[in-house]
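Taking the numbering used here, the leading residue of the sequence shown gets 928, the next gets one more, and so forth. Comments concern the structure below.
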Amino acid sequence: MTSGRPAVSLIASLCLLALIFSVSHVLVVTPADEPTGETRSRMRGFGETFCAYFCAVAAAGVFTQLAALVGFNVTLSLTVLLALTYFVASIGVRELSGSIAEARRIERSVAVLQESEELFRSAFDYAAIGMALVSSKGHWLQVNRSLCEILGYDETELLS
928 MTSGRPAVSL IASLCLLALI FSVSHVLVVT PADEPTGETR SRMRGFGETF CAYFCAVAAA
988 GVFTQLAALV GFNVTLSLTV LLALTYFVAS IGVRELSGSI AEARRIERSV AVLQESEELF
1048 RSAFDYAAIG MALVSSKGHW LQVNRSLCEI LGYDETELLS
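Written out as structure tokens, the structure reads:
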């Protein structure tokens, strides 16, 4: 049972070190005159940072215990395998988050384009002056009501 105590004290020391490092990181990075929203964001980052350090410390403790049980070489091999799995998964998550961000950007662009189209359509249809969209060959593609009234033709007559 005495072989487990140094590992426990090591884990406790590393947890305390992780907490101190996380708090000092927030205090150094966060200026006093920073707006409330950014401060909240930094504090959320503090929680994430602390969790990451705590997980790393817990993993170190597990590594120590596992090395004592099954041997250092097996533990080292498993650690390398887990690290590779983590890096591959993190790349996948990064690519997925990039794809999600791109999809959201496209959705915003589509919404802006639709709004712009609606504004144009409204301005075109309800303009007091005659307006028309004309092809490069000189054919009328679209005419508004005012142009039809000015020319004295129906919209279907002008477009055909």
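We put the CB at the ideal spot given by N, CA and C, even for glycine.
Does the stretch 1027-1036 come close enough to the stretch 1051-1061 that 3 or more CB-CB pairs lie under 8 Å?
no
Beta-bridge pairing of L1060 - partner residues as DSSP gives them:
Q1069
Roughly how many angstroms lie between the CA atoms of V1020 and C982, to the nearest whole one?
19 Å
Might you give, ordered along the chain, the residues of its own chain that have their beta carbon closer than 7 Å to the beta carbon of W1067, omitting 5 neighbours on each side?
A1059, V1061, L1085 and L1086
Assuming F990 and T1006 are in contact, meaning their beta carbons sit under 8 Å apart, how far apart are those beta carbons, in whole angstroms?
6 Å
Please name the residue in K1064, G1065, S1063 and S1049 whose C-alpha comes closest to that of N1071.
S1049
Might you give, ordered along the chain, the residues of its own chain that have their beta carbon closer than 7 Å to the beta carbon of E1042, omitting 5 neighbours on each side?
none
DSSP three-state call for G1079: helix, strand or coil?
coil
In angstroms, rounded to a whole number, what distance separates the CA positions of T957 and N1000?
Residue placement at T957 is poorly supported in this model, since its pLDDT is 47, which falls under 50; the coordinates are not used for a value here.
Here's a check: name, in chain order, each residue in its chain whose Cβ is nearer than 6 Å to the Cβ of I1026, leaving out the five neighbours to either side.
Note on residue identity: the sequence assigns Ser, not Ile, to residue 1026. Counting only Cβ-Cβ distances below 6 Å, and skipping sequence neighbours, we find nothing.
If you drop the 5 nearest sequence neighbours on each side, which residues of the same chain put their C-beta closer than 7 Å to that of V955?
Model confidence at V955 stands at a pLDDT of 48, short of 50, so the residue's coordinates are unreliable; what they give is reported in the following sentence. So no residue of the chain qualifies.
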